[in-house]
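See below for the structure under consideration.
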Amino acid sequence: MAFSSITFLCAFLPVVFLLYFLMPTVKIKNVFLILASLIFYAYGEPVYVFLMIACAFFNYGIALLFSRCQGLLRKLLFCLAICLDLGVLGVFKYAGMLVTTFAGVTKISLPAPQIALPIGISFFTFQAISYVADAYRGKVAVEKSFAKILLYISFFPQLIAGPIIQYNDIAAAIDHREVTAQKVSEGLRRFIVGLSKKVLISNTMGTMADYIFGLDASLLSMPGAWLGAVAYMMQIYFDFSGYSDMAIGLGKMFGFHILENFRYPYAAVSMQDFWRKWHISLTSWFREYLYIPLGGNQKGTVRTWRNRLFVFFCTGLWHGANWTFVLWGLFHGAFQSLETFFPKLTKRMGPFRHLYVFLVVCTGFVIFRADTIGQAGWMIAAMYTKFTWSTQLAAVTAAPCNALFWFMLAVAMVGALPVKDWLYARLNSKGHPGIFRGLSYVVSVALLLICMTSLAGGTYNPFIYFRF
58 MAFSSITFLC AFLPVVFLLY FLMPTVKIKN VFLILASLIF YAYGEPVYVF LMIACAFFNY
118 GIALLFSRCQ GLLRKLLFCL AICLDLGVLG VFKYAGMLVT TFAGVTKISL PAPQIALPIG
178 ISFFTFQAIS YVADAYRGKV AVEKSFAKIL LYISFFPQLI AGPIIQYNDI AAAIDHREVT
238 AQKVSEGLRR FIVGLSKKVL ISNTMGTMAD YIFGLDASLL SMPGAWLGAV AYMMQIYFDF
298 SGYSDMAIGL GKMFGFHILE NFRYPYAAVS MQDFWRKWHI SLTSWFREYL YIPLGGNQKG
358 TVRTWRNRLF VFFCTGLWHG ANWTFVLWGL FHGAFQSLET FFPKLTKRMG PFRHLYVFLV
418 VCTGFVIFRA DTIGQAGWMI AAMYTKFTWS TQLAAVTAAP CNALFWFMLA VAMVGALPVK
478 DWLYARLNSK GHPGIFRGLS YVVSVALLLI CMTSLAGGTY NPFIYFRF
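By my numbering, the letter at position 378 of the sequence shown is numbered 435, and the numbering carries on one by one without gaps.
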């Protein structure tokens with residue numbers, strides 16, 4: 058996938074945005090957005106764009122049949138839709154993993170299928186499932202217009218890396234929406250903030266993380282391991298929350314309200330609180346379409362633990378075809394279960410609750426980032442047990458460290474906390490909200506110029522969640 062940020066910023070987005078306002082009616086605007094979204098996806102995936110269209114059409118057709126069928130047949134149609142959606146996701150995303158795992162367990166030599174992963178398949182598949190499930194349950198009215206479902210599935214601002222949107226959240230806006238100068242300016246500002254998170258912070262943190270995770274175990278020191286772990290922890294947050302900001306901003310510019318996907322998760326006071334603030338759209342999806350249908354926490358403690366661990370198993374697997382992701386999911390599920398079993402545990406930690414969350418999340422992301430479970434093991438071992446130190450280890454650790462990295466790390470640590478919200482609240486309480494708002498626009502223009510300069514002079518690094 059070779060999505061170019063420069064192409065997107067300098068050509069695609071301005072042209073689409075300007076042409077969008079030349080369209081006379083909402084229906085024509087919708088058709089234009091569909092065409093723009095398909096072109097956007099086809100730019101990087103010229104073949105798999107047809108897979109996405111087929112996915113949208115199949116789920117649209119199944120939902121239409123719900124109104125004509127009752128009882129067992131209706132249920133069978135729903136099961137068919139879910140099985141096919143998950144089957145497509147399984148073939149394209151997990152076939153290689155399953156074959157490799159089977160060959161490893163049975164010692165049978167089997168060639169792993171080399172199937173290219175369609176960008177964003179996990180996102181648009183989950184949105185399709187969301188629509189057909191809500192239509193089956195009567196939560197949303199069955200949509201008779203395929204164009205509306207295709208727009209919902211393919212809407213380019215959030216097509217390839219979320220957030221995951223439920224049809225009910227944007228159905229009204231598809232038919233009626235208003236775009237004002239204020240919404241456009243606020244959306245553009247939000248887009249620039251997201252772009253800055255990615256280009257200025259995440260890319261800088263990613264350089265350090267790639268260096269540390271690329272070291273041999275013998276060259277890894279305790280400070281180096283922690284440096285790499287914290288760098289990746291910041292990289293993935295600013296990468297993914299940055300893309301979510303860009304999607305939310307672009308959605309607002311076109312008149313759509315996309316729900317928040319992050320609420321300062323690193324300021325959480327427990328792991329349950331963390332998952333209420335991290336990747337909110339995915340958490341909500343699994344809670345509504347998997348955890349609650351399994352029984353949630355309504356059928357006893359043992360069933361609750363089983364349901365929670367299964368959901369986190371699926372959450373980890375959703376992120377990628379590697380057992381490191383599954384282990385990461387189970388790791389978080391274990392701490393969720395621990396907090397449920399000891400409900401007063403985090404409250405008794407007092408101010409150390411934040412340290413507890415930091416250690417769990419940071420350690421978990423080492424598992425998430427590692428190429429193998431073995432690498433995750435010796436990285437975590439180095440973080441907590443490698444007390445040896447030498448001139449060679451010091452030189453290896455210090456090699457990639459420069460003033461830009463330390464500055465961006467400081468910015469990342471401040472930006473990951475609700476400092477901006479606190480400052481705005483303070484100014485608002487004193488009757489000066491306009492100062493903050495005006496300054497934010499000035500800063501946004503400066504950030505955009507810096508981002509464009511950085512993109513023009515460097516190499517492009519895809520968003521981490523493009524591969525999910």
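Ideal Cβ placement from N, Cα and C applies to all residues, glycine included.
Unbroken alpha helix (DSSP H) run spanning residue i, endpoints
i      : result
Thr397 : Trp380 to Phe398
His411 : Arg410 to Arg426
Tyr117 : Val106 to Phe123
Lys86  : Val83 to Gly101
Pro71  : Leu70 to Tyr77
Glu243 : Ala238 to Ser253
Asp273 : Counting along the chain, Asp273 falls outside any alpha helix (DSSP H), and DSSP gives it neither H nor E.
Gly147 : Gly128 to Thr163
Leu450 : Thr448 to Ala455
Trp526 : This structure does not reach residue 526, given that the chain is present from 58 up to 525, and the question cannot be answered.
Gln223 : From DSSP, Gln223 is part of no alpha helix (DSSP H); its letter is neither H nor E.
Lys404 : Leu402 to Arg405
Ile293 : Met279 to Met310
Gly434 : Ile430 to Thr442
Gln329 : Met328 to Lys334
Option nearest residue i by Cα separation, candidates the options
i      : options                           : result
Ala228 : Pro220, Ala198 and Gln239         : Ala198
Phe367 : Asn379, His376, Gly377 and Phe343 : Phe343
Pro475 : Asn364, Tyr321, Cys458 and Ile430 : Tyr321
Cys508 : Leu167, Val250, Leu374 and Ala439 : Val250
Arg125 : Ala160, Thr510 and Tyr193         : Tyr193
Cys140 : His376, Ile186 and Leu155         : Ile186
Glu243 : Ser501, Phe213 and Val162         : Ser501
Leu316 : Trp335, Val104 and Val83          : Trp335
Ser497 : Phe115, Leu122 and Leu245         : Leu245
Ala378 : Phe425, Thr397 and His411         : Phe425
Gln449 : Ser166, Gln239, Leu130 and Gly281 : Gly281
Val104 : Ala173, Met80 and Phe78           : Ala173
Met290 : Cys419, Ala391, Thr340 and Ala169 : Cys419
Same chain, Cβ closer than 6 Å to residue i, neighbours up to 5 away in sequence not counted
i      : result
Lys205 : Ile231
Asp191 : Val197
Thr158 : none
Trp362 : Ser394
Pro214 : Ala304, Leu307 and Gly308
Asp273 : none
Val453 : Leu276
Phe60  : In this predicted model, Phe60 has a pLDDT of only 45, less than 50, meaning its place in the structure is not dependable; the value taken from the coordinates is given anyway. Answer for Phe60: Gly101, listed in chain order.
Pro532 : Residue 532 lies beyond the stretch modelled for the chain, which goes from 58 to 525, so this question has no answer here.
Beta-carbon proximity of residue i to residue j, cut-off 8 Å
i      : j      : result
Met303 : Val417 : no
Gly353 : Arg234 : no
Ile4   : Phe180 : Residue 4 falls outside the range modelled here, since the chain spans only 58 to 525, and no answer is possible.
Ala266 : Val423 : no
Ala113 : Leu207 : yes
Phe388 : Gly421 : yes
Met109 : Ile210 : yes
Tyr346 : Tyr323 : no
Thr439 : Met262 : It is worth fixing the name first, because residue 439 is Ala in this sequence and not Thr. No. Outside cutoff.
Phe370 : Gly357 : no
Chain-order list of residues whose beta-carbon lies under 7 Å from that of residue i (same chain, five-residue window excluded)
i      : result
Met406 : Tyr413
Ile430 : Trp380, Thr381 and Leu384
Ala455 : none
Leu505 : Ile249
Ala325 : Phe331, Lys334 and Val414
Own chain residues within Cβ distance below 8 Å of residue i, not counting five before or after
i      : result
Ile119 : Leu134, Phe135, Leu137, Ala138 and Val189
Ala99  : Val106
Tyr300 : Ala218, Gly219, Gly251, Lys255, Phe520 and Tyr522
Cβ-heavy atom distance, residue i to the ligand FAD, below 7 Å
i      : result
His411 : Among the components of this structure there are no ligands whatsoever, and the ligand FAD is therefore not found.
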